[in-house]
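In this note's numbering, the protein residues as written are 1 to 367.
For each residue, glycine too, the CB sits at the ideal point set by N, CA and C.
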């Protein structure tokens, strides 16, 4: 599929690199496709049920794309914009960008409705001021979820702490909830200033059964996959540089499944409030597994396999594999999410034949 603007970020896939694209399922069966273009713009295009662009894409100021969510009146983008570090000296290290994270609410035409910063920089608080929460080069990715009325953003964040006449910069994660009108929901029971530290692969899902947003992170705090605020270990790992948190989905009846990897081996863990009660070491040899709900009672695990994507269906109740492993003819990206659709299918935005193209890989519903 040819695009009106080139995609930035095809080169690297590290946790400090820019995310090239994201997709969201619309209630009518189509999609919203977002991609990071050149010139400080995030582009948003509407896709029909045939996964082809419809109409002219819109664009928003943004230097990094995180995620996109859709609902019946439009959707929300999560993206990063330039911010200011200020002039307070660092106690050590080198200066880093001090950027801001924003939710962008758009209507069914892709036009701006409201925008809300979910970091806390302002005209009176720059990145190097005590108490600042901003986005820098390190562990900066994020994800969105929605309960149908509010939107939650969970993302890596820099934490500024005064240390005498200078400041130290730490890293953790932050979860903020925004109302349908674009206001921060003060005191939301699932939101937090800082959850895990140091943290990466922030994952969030809305659970209508418990009326809670549920979050998990990978953290070097005891080197584990954990639930934040307060810490509760889901799966114990080691700090060998290979710990990775995949994705988070609702289990069939109760609790959640998360995909994670250690030492190049993908695992599935089922949990409710904390420690996993079921742990499965899969056959997938990968450092970056992806997981998505796949119709009723199933979930799909995917991972890079050469120049393609390997996939295996699992029962979301028992965790048992269903059917044979299969191949998706698309290029994997370590940090791009699969998205589930109401008809039981799954879509994945992948690199196209050039930086001016994107391929939408579609896994059809399972009978």
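The beta strand (DSSP E) spanning residue 253 covers which residue range? Position 253 of the chain shown, counted from the start, is the residue given in the question as residue 253. From DSSP, residue 253 is part of no beta strand (DSSP E); its letter is neither H nor E.
Coil, strand or helix - residue 345 by DSSP: On the chain shown, position 345 is the one that residue 345 refers to. In this structure, residue 345 counts as coil in the three-state DSSP scheme.
Stretch pair the stretch 74–82 + the stretch 51–64: three plus CB contacts closer than 8 Å: yes
Under the rule that 16 or more other beta-carbon atoms within 10 Å means buried, what is residue 166, buried or exposed? What you label residue 166 is simply residue 166 of the chain shown in a count that begins at 1. Exposed, since its Cβ has fewer than 16 Cβ neighbours within 10 Å.
In terms of DSSP beta bridges, what is residue 339 paired with? By one-based count along the chain shown, residue 339 stands at place 339. According to DSSP, residue 339 bridges with 347.
Select from 286, 256, 290 the residue whose C-alpha is nearest the C-alpha of residue 297. Your numbering for residue 297 matches position 297 in the chain shown. Ranking the options by Cα distance to residue 297, first place goes to 256.
Assuming residue 47 and residue 30 make a contact with CB atoms under 8 Å, what is their CB distance in whole Å? Walking along the chain shown from the start, residue 47 turns up at place 47. Walking along the chain shown from the start, residue 30 turns up at place 30. Confirmed, about 5 Å.
Just the C-alpha distance for residue 90 and residue 131, rounded to the nearest angstrom, thanks. Here residue 90 corresponds to residue number 90 of the chain shown, with the count starting at 1. Here residue 131 corresponds to residue number 131 of the chain shown, with the count starting at 1. Going from the Cα of residue 90 to the Cα of residue 131 covers about 14 Å.
Quick one: Cα of residue 141 to Cα of residue 59, how far? Translated into positions along the chain shown, residue 141 becomes position 141. Translated into positions along the chain shown, residue 59 becomes position 59. Near 20 Å, if we compare the C-alpha coordinates of residue 59 and residue 141.
What's the gap between the Cα of residue 235 and the Cα of residue 190? Stepping through the chain shown from its first residue, residue 235 is reached at position 235. Stepping through the chain shown from its first residue, residue 190 is reached at position 190. Taking the straight line joining both Cα atoms gives about 21 Å.
Determine, using beta carbons only, whether residue 303 and residue 276 come nearer to each other than 7 Å. Your numbering for residue 303 matches position 303 in the chain shown. Your numbering for residue 276 matches position 276 in the chain shown. No, Cβ-Cβ distance for residue 303 and residue 276 is not below 7 Å.
To the nearest angstrom, report how far apart residue 342 and residue 348 are at their CA atoms. The sequence position of residue 342 within the chain shown is 342, counting from 1. The sequence position of residue 348 within the chain shown is 348, counting from 1. When rounded, the distance between both Cα atoms is 15 Å.
Neighbourhood of residue 100 by C-beta distance below 8 Å, restricted to the same chain and skipping five residues each side: Position 100 of the chain shown, counted from the first residue, corresponds to residue 100. 80, 81, 82, 83, 117, 119, 121, 134, 135.
Pick helix, strand or coil for residue 184, following the three-state DSSP scheme. Counted from its first residue, the chain shown places residue 184 at position 184. Here residue 184 sits in strand by DSSP.
Can you grab the Cα-Cα spacing for the pair residue 344 / residue 71, in whole Å? Within the chain shown, the letter at position 344 stands for residue 344. Within the chain shown, the letter at position 71 stands for residue 71. Whole-angstrom Cα-Cα distance: 17 Å.
When burial is assigned at 16 or more other CB atoms within 10 Å of the CB, is residue 326 buried or exposed? Translated into the one-based positions of the chain shown, residue 326 becomes position 326. When all chains shown are included, residue 326 counts as exposed.
Taking three-plus beta-carbon pairs below 8 Å as touching, is the stretch 233–247 in contact with the stretch 207–225? yes
Alpha carbon to alpha carbon, how far is residue 301 from residue 267? Give it in angstroms, no decimals. Taking the first residue of the chain shown as 1, we reach residue 267 at position 267. Taking the first residue of the chain shown as 1, we reach residue 301 at position 301. Cα to Cα, the separation comes out at about 10 Å.
Which residue's Cα is closest to the Cα of residue 207: 361, 183, 172, 273? Taking the chain shown and counting its residues from 1, one reaches residue 207 at position 207. Minimum Cα distance to residue 207 is reached at 273.
Residue 59: first and last residue of the uninterrupted beta strand (DSSP E) it sits in: Looking up residue 59 in the chain shown gives position 59. That run of the beta strand (DSSP E) goes 53–61.
Whole angstroms is fine: what's the gap from residue 200's alpha carbon to residue 43's? On the chain shown, residue 200 is found 200 positions in, with the first residue counted as 1. On the chain shown, residue 43 is found 43 positions in, with the first residue counted as 1. Straight-line Cα distance between these residues: approximately 25 Å.
So, is residue 288 buried or exposed, given that buried needs 16 or more other C-beta atoms within 10 angstroms? By one-based count along the chain shown, residue 288 stands at place 288. It is buried - the Cβ of residue 288 has at least 16 other Cβ atoms within 10 Å.
Assuming the contact rule is C-beta atoms closer than 8 Å, residue 249 and residue 311 should be a hit. Round their C-beta distance to whole Å, please. As a working mapping, residue 249 is identified with position 249 in the chain shown. As a working mapping, residue 311 is identified with position 311 in the chain shown. 15 Å between Cβ atoms; not a contact.
Does the distance from the CB of residue 149 to the CB of residue 180 come in under 7 Å? Taking the chain shown and counting its residues from 1, one reaches residue 149 at position 149. Taking the chain shown and counting its residues from 1, one reaches residue 180 at position 180. Contact: yes.
Below 8 Å on the Cβ atoms is my contact criterion, and I expect residue 195 with residue 160 to pass it. Report the Cβ-Cβ distance as a whole number of Å. For this step, residue 195 is matched to residue 195 along the chain shown. For this step, residue 160 is matched to residue 160 along the chain shown. Actually they are not in contact, since the Cβ atoms of residue 195 and residue 160 sit about 17 Å apart, beyond 8 Å.
Do residue 32 and residue 7 have their CB atoms nearer than 7 Å? One-based indexing of the chain shown puts residue 32 at position 32. One-based indexing of the chain shown puts residue 7 at position 7. Not a contact, by the Cβ cut-off of 7 Å.
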